[in-house]
Amino acid sequence: MCAIGQLISYVIGSIDMVSIFGSLLGDTQFKQMTVIAALSLIIAVAVTSYSVKERVLISARDSDGKGGAIQAISQLFKTTMELPPRIQAICWAQFWAWIGWFPFLFYSTTWVGETYFRYEVSKDQVTKTTDMLGEVGRVGSLSLTVFSSITFLSSVFLPFCIQSPDTKRTRFTPRPPPGVAAILKRITAVRPDLQTAWLISQIMFAATMIFAPLAHSRAFATFLVAMCGIPWAISGWAPFAFMGVEINKLTMNSYAGAPGMSAQATRSGVTMITSASLRNPAADTELEVLRLNHRDSDSDTDEEDQASNIPSTGELAGIYLGVLNVYTTLPQFVGTFISWIVFSLLEPGAQPNKDSDASDTQWMNLDKDKPNAISICLFIGAISALIAAEATRRLRYVP
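Its first residue numbered 1, the sequence shown is counted upward by one per residue in UniProt numbering.
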């Protein structure tokens with residue numbers, strides 16, 4: 001679904017919207033895209049808020065005023081510092097991978113557009129452009145449309161070609177479309193596991209972006225961007241799959257060591273959470289209530305204390321996925337800092353020329369003899385992707 005959304009947005013971005021809508025949504029391409037993105041987000045959130053039915057959570061421990069944002073941040077920090085080895089390895093692989101992905105996702109549209117106007121369009125034609133930012137966006141959006149198409153196809157077919165990260169416990173029977181069933185059946189015998197696929201995807205991304213400084217045509221730049229659609233599809237799937245497997249293992253191990261837990265609960269790894277229905281007489285409605293037990297320091301018995309100390313699968317998932325999100329967010333700051341250094345050295349920017357009528361194009365460096373700063377950022381991202389590949393390889397040997 002993410003790939004479909006990206007595909008639609010990039011198709012819209014490649015259209016000359018100013019000539020279609022006029023100045024109704026803004027006088028430039030970028031302004032109109034911003035309005036459409038904001039409206040789409042509002043509609044999506046409104047539909048989700050209307051459709052989702054939430055369960056009321058009642059914690060077994062009393063509200064003593066210790067909760068809140070500070071406690072949540074403290075718990076997240078403590079969990080981050082005391083991660084299990086395999087989850088720590090997954091997070092570090094994600095960290096280095098996203099240092100590489102950040103400049104690609106942030107600058108690839110501008111990079112393709114700049115490459116086109118720097119090497120394939122004469123300076124006289126460039127100076128006549130009144131909306132250079134919109135022109136660059138339209139040229140770049142076409143390449144990302146191809147990128148999203150490949151991402152979508154990869155998201156559909158790659159799961160059938162890659163082994164599950166935990167094949168011993170899976171009960172899923174794949175049912176591919178009849179037209180490709182025969183081909184996928186032959187691939188099944190030699191299909192790699194998810195960790196190998198994640199490793200290959202990072203190497204593929206690095207091998208692609210390492211050629212970014214050599215791209216001197218829109219066709220070659222578009223080809224490089226499009227090739228990244230395959231590793232992007234795997235990168236949006238693999239770390240969360242591995243994290244889910246590790247969370248389930250931690251939950252099952254917790255139940256196996258807890259006294260008083262039934263054998264069925266231990267084998268299934270599913271937390272026993274009390275769910276009940278309460279009736280609200282005032283509104284004449286029935287509320288679904290979810291009760292979640294936590295560790296109580298005043299518990300009378302050690303057995304109850306150990307059993308109640310086991311967090312639910314959903315709670316563990318929330319904590320560790322939050323940590324994974326931290327390792328996904330921090331590389332964006334690192335990538336921004338690296339990009340700032342590169343742009344400061346290679347493209348510090350020219351002073352505005354008040355006597356020139358081509359002020360709209362002065363922000364872009366059209367000197368063919370100088371390196372493109374964005375391509376250097378992409379090259380550095382490729383080096384980081386190689387580090388991520390090594391971190392993924394070592395994941396196999398982490399107990």
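Quick reminder that beta carbons are idealized off the backbone N, C-alpha and C, glycines included.
What is the DSSP secondary structure of residue i, reduced to helix, strand or coil?
{"i": "F379", "result": "helix"}
{"i": "W198", "result": "helix"}
{"i": "D369", "result": "coil"}
{"i": "R393", "result": "helix"}
{"i": "L25", "result": "coil"}
{"i": "P176", "result": "coil"}
{"i": "F223", "result": "helix"}
{"i": "A215", "result": "coil"}
{"i": "E54", "result": "coil"}
{"i": "I387", "result": "helix"}
{"i": "I341", "result": "helix"}
{"i": "S122", "result": "coil"}
{"i": "G269", "result": "Note on G269: pLDDT 39, under 50, position unreliable in the model; no value is reported."}
{"i": "P348", "result": "coil"}
{"i": "I374", "result": "helix"}
{"i": "I150", "result": "helix"}
{"i": "I210", "result": "coil"}
Is it buried or exposed, residue i, if we count other Cβ atoms within 10 angstroms and call 16 or more buried?
{"i": "C2", "result": "exposed"}
{"i": "A233", "result": "buried"}
{"i": "V45", "result": "exposed"}
{"i": "Y50", "result": "exposed"}
{"i": "F379", "result": "buried"}
{"i": "Q340", "result": "Sequence check: residue 340 is Trp here, not Gln. With fewer than 16 Cβ atoms within 10 Å of its Cβ, W340 is classed as exposed."}
{"i": "G381", "result": "buried"}
{"i": "S141", "result": "buried"}
{"i": "Q71", "result": "exposed"}
{"i": "I4", "result": "exposed"}
{"i": "N372", "result": "buried"}
{"i": "P177", "result": "exposed"}
{"i": "P399", "result": "exposed"}
{"i": "Q29", "result": "buried"}
{"i": "I247", "result": "buried"}
{"i": "V52", "result": "exposed"}
{"i": "T39", "result": "The sequence shown places Leu at residue 39, rather than the Thr named in the question. Exposed."}
{"i": "G100", "result": "buried"}
{"i": "residue 462", "result": "Residue 462 lies beyond the stretch modelled for the chain, which goes from 1 to 399, so this question has no answer here."}
{"i": "G229", "result": "buried"}
{"i": "P231", "result": "buried"}
{"i": "G179", "result": "exposed"}
{"i": "S344", "result": "exposed"}
{"i": "G22", "result": "exposed"}
{"i": "A69", "result": "exposed"}
{"i": "M227", "result": "buried"}
The alpha helix (DSSP H) that contains residue i, what's its start and end?
{"i": "A109", "result": "Going by the sequence as given, residue 109 is Thr instead of Ala. P85 to Y119 is the span of the alpha helix (DSSP H), which, as asked, contains T109."}
{"i": "L39", "result": "Q29 to S51"}
{"i": "F21", "result": "M17 to F21"}
{"i": "V398", "result": "That residue, V398, is in no alpha helix (DSSP H); it is neither H nor E in DSSP."}
{"i": "S74", "result": "A69 to M81"}
{"i": "C2", "result": "C2 to G13"}
{"i": "P231", "result": "G229 to S235"}
Which residue or residues does DSSP assign as beta-bridge partners of residue i?
{"i": "D193", "result": "Q163"}
Cβ contact check for the region 18-28 and the region 144-153: 3 or more pairs under 8 Å: no
Counting pairs of beta carbons, one from the region 216-225 and one from the region 174-185, are three or more of them closer than 8 Å? The region 216-225 vs the region 174-185: no contact.
Would you call the region 132-146 and the region 207-214 touching, i.e. three or more CB-CB distances under 8 Å? no
Taking contact to mean at least 3 C-beta pairs separated by less than 8 Å, is the region 233-253 in contact with the region 106-119? no
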